[in-house]
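Protein chains in written order, with numbering that gives the first Met the number 0: chain A, 0 to 158; chain B, 0 to 158.
We put the beta carbon where it would ideally sit given N, CA and C, even for glycine.
Computed from a predicted structure; not experimentally measured.
Worksheet: one structure, shown below.
Number of protein chains: 2
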Amino acid sequence: MEKTSGLPFQQLLKERGLKSTRQRDEIARVFMESADHLSVDELCQRVRQKNPRIGYATVYRTLKLLAQSGWASARQFGQRTARFEHRTEGEHHDHLICLICGKIVEFASGRIEELQSRIAQKKGFRIFDHKLELYGHCADCLAKKEMTGKEVREKATNE
Amino acid sequence: MEKTSGLPFQQLLKERGLKSTRQRDEIARVFMESADHLSVDELCQRVRQKNPRIGYATVYRTLKLLAQSGWASARQFGQRTARFEHRTEGEHHDHLICLICGKIVEFASGRIEELQSRIAQKKGFRIFDHKLELYGHCADCLAKKEMTGKEVREKATNE
DNA sequence: TTCAATGCAAATCTTTTGCAATGGG
DNA sequence: CCCATTGCAAAAGATTTGCATTGAA
């Protein structure tokens, strides 16, 4: 997996001919300092603790830049709000997702990542990030196979 | 990779205690007969050629059922509309996605799928589908590293 | 000084929901 | 018959955009 961290955000802006502004720097800093799986809303809240006048639009615009630059990556776990992860160096956690109850189990596989790198190289890509999600039914839900139709329906509805 | 196709949709409804209706059957049929990467809108258009009174809500609701049953799976390539793929038996195509220009290149890797199956088994999941996306910069965009800031900005904007 | 970036509010778009009417089992 | 399903229109969100103002370079 390619490394680009360590390159400050401001340097990256300069490379692309973009201006370094108080807002962009603040947003990038707060993003990098925060825990993973941050929603746009959460990021905006935090940024506003420092500078309450920063708008959602700016946060979205900056996040787009961070994503294009490979620093952030968007995830859509449920179908609702996107959440942004840091592109960390090396270690990635991937996800097993249950289609019935929505449970998410994390896992990591270095072996799979090796294969990914090889494929990317073959196609001429420089990879910054990846997303691997396995969808199915979890052990619990498989065990509930004997549920009545009514119960299944209720579970599916409030999902 | 687990197989469930061949099981008719109606049978699946019965198993879950759901009703088989004209609309559900029609939507499922059209979905299965269509090409991959169908948007909800496209599916709705096609279904309406047969029955113009079918509403978006019903299409969404049925697609959710198909997804939970493992027949369809949602993808979010750009951040816009979700697109639905058929869950085909065996063969999966995964995606390399360029963060700059949005280009999508497909690839397949049986080796990676083997590893996935093993992981799922270890965690007690029965997997119906998976999603693997590699994000980075494509060969073309890497070649354009010498572009001026202005050009980069324009490209990023109309993305 | 110049033009990109910002902040705000309005606009868009996708997906979900409430509810009366319909229709499967 | 009963209650799940449908269709419509309205609601709910999430993200984007137009535009006047601000601020980096």
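The three-state reading of DSSP puts cysteine 140 of chain B in helix, counting H, G and I together.
Per the coordinates, the alpha-carbon of alanine 119 of chain A lies some 14 Å from the alpha-carbon of lysine 102 of chain B.
As computed with DSSP, alanine 71 of chain B is found in a beta bridge with B/His85. With fewer than 16 other Cβ atoms from the protein chains shown falling within 10 Å of its own Cβ, aspartate 139 of chain B counts as exposed. For phenylalanine 8 of chain A, the uninterrupted alpha helix (DSSP H) run begins and ends at 8-14, by DSSP. Isoleucine 118 of chain A carries a helical assignment under DSSP once its states are collapsed to helix, strand and coil.
For aspartate 93 of chain B, the uninterrupted beta strand (DSSP E) segment begins and ends at 93-97. Chain A places a beta carbon closer than 8 Å to that of tyrosine 134 of chain B, counting this residue as a contact. Look at the region 101-134 of chain A: the residues with a C-beta under 8 Å from a C-beta of chain B are Val104, Phe106, Ser108, Arg110, Ile111, Leu114, Gln115, Ile118, Ala119, Lys122, Gly123, Phe124, Arg125, Ile126, Phe127, Asp128, His129, Lys130, Leu131, Glu132, Leu133, Tyr134. Neighbours of glutamine 75 of chain B in chain A, taken as residues whose beta carbon is under 7 Å from its own, are Gln75 in chain order. Beta-bridge partners of isoleucine 103 of chain A (DSSP): A/Ile96. Within the region 43-74 of chain B, the residues whose Cβ lies closer than 9 Å to some Cβ of chain A are Lys63, Leu64, Ala66, Gln67, Ser68, Gly69, Ser72, Ala73, listed in chain order. A straight-line Cα-Cα distance of about 14 Å links alanine 34 of chain A and tryptophan 70 of chain A. Going by DSSP, isoleucine 53 of chain A is part of no alpha helix (DSSP H) at all; its letter is neither H nor E. Residue contact with chain B for leucine 37 of chain A: absent (no Cβ-Cβ distance below 8 Å to any residue of chain B).
By the Cβ neighbour-count rule, glutamine 115 of chain A is buried, with 16 or more other Cβ atoms within 10 Å of its own. C-alpha of arginine 23 of chain A to C-alpha of glutamine 22 of chain B: approximately 49 Å in a straight line.
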